[in-house]
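Numbering (our numbering), first residue to last: 3 to 211.
Glycine is no exception: its CB is placed at the ideal position from the N, C-alpha and C atoms.
Note that this is a predicted model, so its numbers are computed, not measured.
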Amino acid sequence: QCDCGNEKITSTSLLNAGKVRSCGCLRQEVGYKRRNLEGKRYGRLTVISMTDKRDYKGSIIWKVRCDCGNIIEASEDNLVHGHHQSCGCKRIEQGKNLGQFLTFVNGTCIEWLENRKHRSDNTSGYQGGYQKKNGKYAAGISLCGKRYYIGTYADFEGAVNARKKAEKYLHEGFIKAYHEWELELVSKSLSAEEYPFEFEVDKRFWNEL
Numbered sequence: 003q004c005d006c007g008n009e010k011i012t013s014t015s016l017l018n019a020g021k022v023r024s025c026g027c028l029r030q031e032v033g034y035k036r037r038n039l040e041g042k043r044y045g046r047l048t049v050i051s052m053t054d055k056r057d058y059k060g061s062i063i064w065k066v067r068c069d070c071g072n073i074i075e076a077s078e079d080n081l082v083h084g085h086h087q088s089c090g091c092k093r094i095e096q097g098k099n100l101g102q103f104l105t106f107v108n109g110t111c112i113e114w115l116e117n118r119k120h121r122s123d124n125t126s127g128y129q130g131g132y133q134k135k136n137g138k139y140a141a142g143i144s145l146c147g148k149r150y151y152i153g154t155y156a157d158f159e160g161a162v163n164a165r166k167k168a169e170k171y172l173h174e175g176f177i178k179a180y181h182e183w184e185l186e187l188v189s190k191s192l193s194a195e196e197y198p199f200e201f202e203v204d205k206r207f208w209n210e211l
């Protein structure tokens, strides 16, 4: 254990040879020569004072104040390299601003459906499908907060093909119906309150998959 409190794994030979004398904080302090960052600004952060803490790399931890008023701690390494520029409020604001350019209908993002991409973060390698314990593949699809079970198939290709058909009917059908509804609002000079958007799922469709 280092005098700064951090722990480091090293060999006895390096310790005896004097080649390892700290967890890295000594090298960090010598390299930086204890630079005084007090009063300096990094993005929305203004440095208040240095603490006696170090991160896992030995970088000095500084107390900083964000423009929003929050006081947090950030490593010197993250500050000087631009990895830490706010207390987190900037990311939250960016998320809110992004939401202003997106269209949500019944909890579903129109832009996401129009620009959705193939995902590979599940066991089957295709969004909406997974392999069951019996070796068969199940497929499903979601829309407006509802989960629709498509079916179980003997092989992966069968589940993928069924999912694609469901996407074409459900997702693409939803988008088409939404844009047709938009045009009707304009042509009839109606408001969304007077003429709400509706999309009905025909359950008979699942029997064809």
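* Touch check for the region 157 to 168 and the region 136 to 149: three-plus C-beta pairs under 8 angstroms? -> Output reads yes: the region 136 to 149 touches the region 157 to 168.
* To do: Measure the C-alpha to C-alpha separation of Val77 and Ile63 and round it to an integer number of angstroms.
  => Numbered from its first residue, the sequence shown carries residue 77 at position 75. Numbered from its first residue, the sequence shown carries residue 63 at position 61. Checking the sequence shown, residue 77 turns out to be Ser, not Val. When rounded, the separation of the alpha-carbon atoms in Ser77 and Ile63 is 4 angstroms.
* Asked: Counting along the chain, where does the alpha helix (DSSP H) carrying Leu1 start and finish?
  -> Nothing can be reported for residue 1, as the shown portion of the chain is limited to 3 through 211.
* Measuring from the CB of Asp157, is there a heavy atom of the ligand SAM at a distance below 8 angstroms? -> Here there are no bound small molecules, and the ligand SAM is not part of this structure.
* Give me whichever residues DSSP pairs with Cys146 in a beta bridge. => Position 144 of the sequence shown, counted from the first residue, corresponds to residue 146. Cys146 pairs with nothing; no bridge assigned.
* Can you tell me whether Ser51 is buried or exposed, with buried defined as 16 or more other CB within 10 angstroms of its CB? -> Working through the sequence shown from its first residue, we reach residue 51 at position 49. With fewer than 16 Cβ atoms within 10 Å of its Cβ, Ser51 is classed as exposed.
* **Closest residue to Gly41 among Lys148, Thr105, Tyr58 and Leu81 (Cα-Cα distance)** => If you number the sequence shown from 1, residue 41 lands on position 39. Per the Cα distances, Leu81.
* Asked: If you follow the beta strand (DSSP E) that Asp258 is part of, which residue opens it and which one closes it?
  -> Since the first residue shown for the chain is 3 and the last is 211, residue 258 is missing from the structure and cannot be characterised.
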